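>
2 protein chains.
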Amino acid sequence: MGRRRRWLEPFVLVLIADGTCHGYALAARLADLGVAPGALDVGELYRTLRELELVGLVGSSWVVPQGGARRRDYALTDVGWARLAEWEAVMRERARLVGEFLGAAGRASAARAAASETVTDAPADGGT
Amino acid sequence: MGRRRRWLEPFVLVLIADGTCHGYALAARLADLGVAPGALDVGELYRTLRELELVGLVGSSWVVPQGGARRRDYALTDVGWARLAEWEAVMRERARLVGEFLGAAGRASAARAAASETVTDAPADGGT
DNA sequence: TGATACATATGCTTCCGACATATGGACGAG
DNA sequence: CTCGTCCATATGTCGGAAGCATATGTATCA
Chain U
1 MGRRRRWLEP
11 FVLVLIADGT
21 CHGYALAARL
31 ADLGVAPGAL
41 DVGELYRTLR
51 ELELVGLVGS
61 SWVVPQGGAR
71 RRDYALTDVG
81 WARLAEWEAV
91 MRERARLVGE
101 FLGAAGRASA
111 ARAAASETVT
121 DAPADGGT
Chain E
129 MGRRRRWLEP
139 FVLVLIADGT
149 CHGYALAARL
159 ADLGVAPGAL
169 DVGELYRTLR
179 ELELVGLVGS
189 SWVVPQGGAR
199 RRDYALTDVG
209 WARLAEWEAV
219 MRERARLVGE
229 FLGAAGRASA
239 ARAAASETVT
249 DAPADGGT
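Chains U and E are the protein sequences, given in the same order. For the first sequence, position 101 matches number 101 in my numbering, and the numbering has no gaps at all. For the second sequence, position 51 matches number 179 in my numbering, and the numbering has no gaps at all.
1) Can you confirm whether residue 88 (chain U), when its beta carbon is compared against all beta carbons of chain E, has any partner nearer than 8 Å?
2) Would residue 22 (chain U) and residue 71 (chain U) qualify as a contact pair, given that the criterion is a beta-carbon distance under 8 Å?
3) Residue 182 (chain E): buried (16+ other C-beta within 10 angstroms of its C-beta) or exposed?
4) Counting contacts by CB-CB distance shorter than 8 Å, is residue 14 (chain U) in contact with chain E?
5) Taking the continuous alpha helix (DSSP H) assigned at residue 23 (chain U), which residues delimit it?
6) Mapping the DSSP letters down to three states, classify residue 76 (chain U) as helix, strand or coil.
7) Please identify the residue among E:234, E:218, E:163, E:241 whose C-alpha is closest to the C-alpha of residue 88 (chain U).
8) Out of U:82, U:114, U:115, U:8, which one is the CA nearest neighbour of residue 31 (chain U)?
9) What did DSSP end up calling residue 175 (chain E) once you bin it into helix, strand or coil?
10) Is it buried or exposed for residue 17 (chain U), if we count other Cβ within 10 angstroms and need 16 for buried?
11) Let me check understanding here. Comparing Cα to Cα, which of E:140, E:188, E:133, E:229 lies closest to residue 168 (chain E)?
12) Grab me the residues of residue 6 (chain U)'s own chain with a C-beta within less than 6 Å of its C-beta, minus the 5 sequence neighbours each way, in chain order.
13) For residue 132 (chain U), which residues from the same chain have a beta carbon less than 8 Å from its beta carbon, with the 5 sequence-adjacent residues on both sides left out?
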């Protein structure tokens, strides 16, 4: 389940959980957060929303404000909340992995710098 | 560019940078780290390695140990090290986003719990 | 000679994400 | 009155990363 790689879904779910109710507003918040490298693809966002509804993670209802375009308001279902909890676990795992990466990258860079010091001539401040 | 979603490449690069030199060992370390949800696809790993070499991020040479199968030993090129640095920035950004997610998820869950308390009857331990 | 560990590789499919484009109401400007 | 623009939702297409399966070859030990 939580297996296949997916980046948007968790953010969409968490924003809806947080109270952001329709697609256009979600797009603004997602862009604001910087989810999606480059520019956010709204098409993908709307498709994601429809699919989330299709599988029962969110429910929607049309809202027609006086003045302004009609919109779909979304809210999490119980299943949606459960799924959000699953995503939380997955994201924690990702955080762990990213941490692991950054640690390793730091170590490797440091080691390489040290090695190049050995290779290049005497350092500017003179070692031991 | 660093744009399209990619998960394996950065880990492969960092492990090579860290001294892990051939595919089979990389597979072991990647599986060990828990990169890849489920099981690591070694096919993808080897294809990634070939592609990294193709674009000049790593260099390889055959090693034929007495006793044991011949293997390809990989090392980062200068371009590879530069790319690793780019990935470091990207991963930091991802870490930030995941943090943002976890924060929002925590808040949303707390809010929901509070709301359900309001709805359900008096809490077991009696509030204020 | 058969199994198992080491090691590398290719073929096929699925589906997420990038890019482009269409639709339609409201509302102010000209 | 129609033109442009903001709000808002939606579809179509495409490439490629990732998932799944399978093939190949050597060395070692039972």
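For each residue, glycine too, the CB sits at the ideal point set by N, CA and C. This structure is a prediction, so every number in the text was calculated from the model and none was measured.
Let me spell this out:
1) yes
2) Against a cut-off of 8 Å, the Cβ pair of residue 71 (chain U) and residue 22 (chain U) comes out as a contact.
3) When all chains shown are included, residue 182 (chain E) counts as exposed.
4) yes
5) Its alpha helix (DSSP H) spans residues 23-33.
6) strand
7) E:234
8) If we check each option's Cα against that of residue 31 (chain U), U:8 comes out closest.
9) helix
10) buried
11) E:140
12) Excluding residues within five positions, none has a Cβ falling inside 6 Å.
13) Shown here, chain U extends from 1 to 128; a query on residue 132 (chain U) therefore has no answer.
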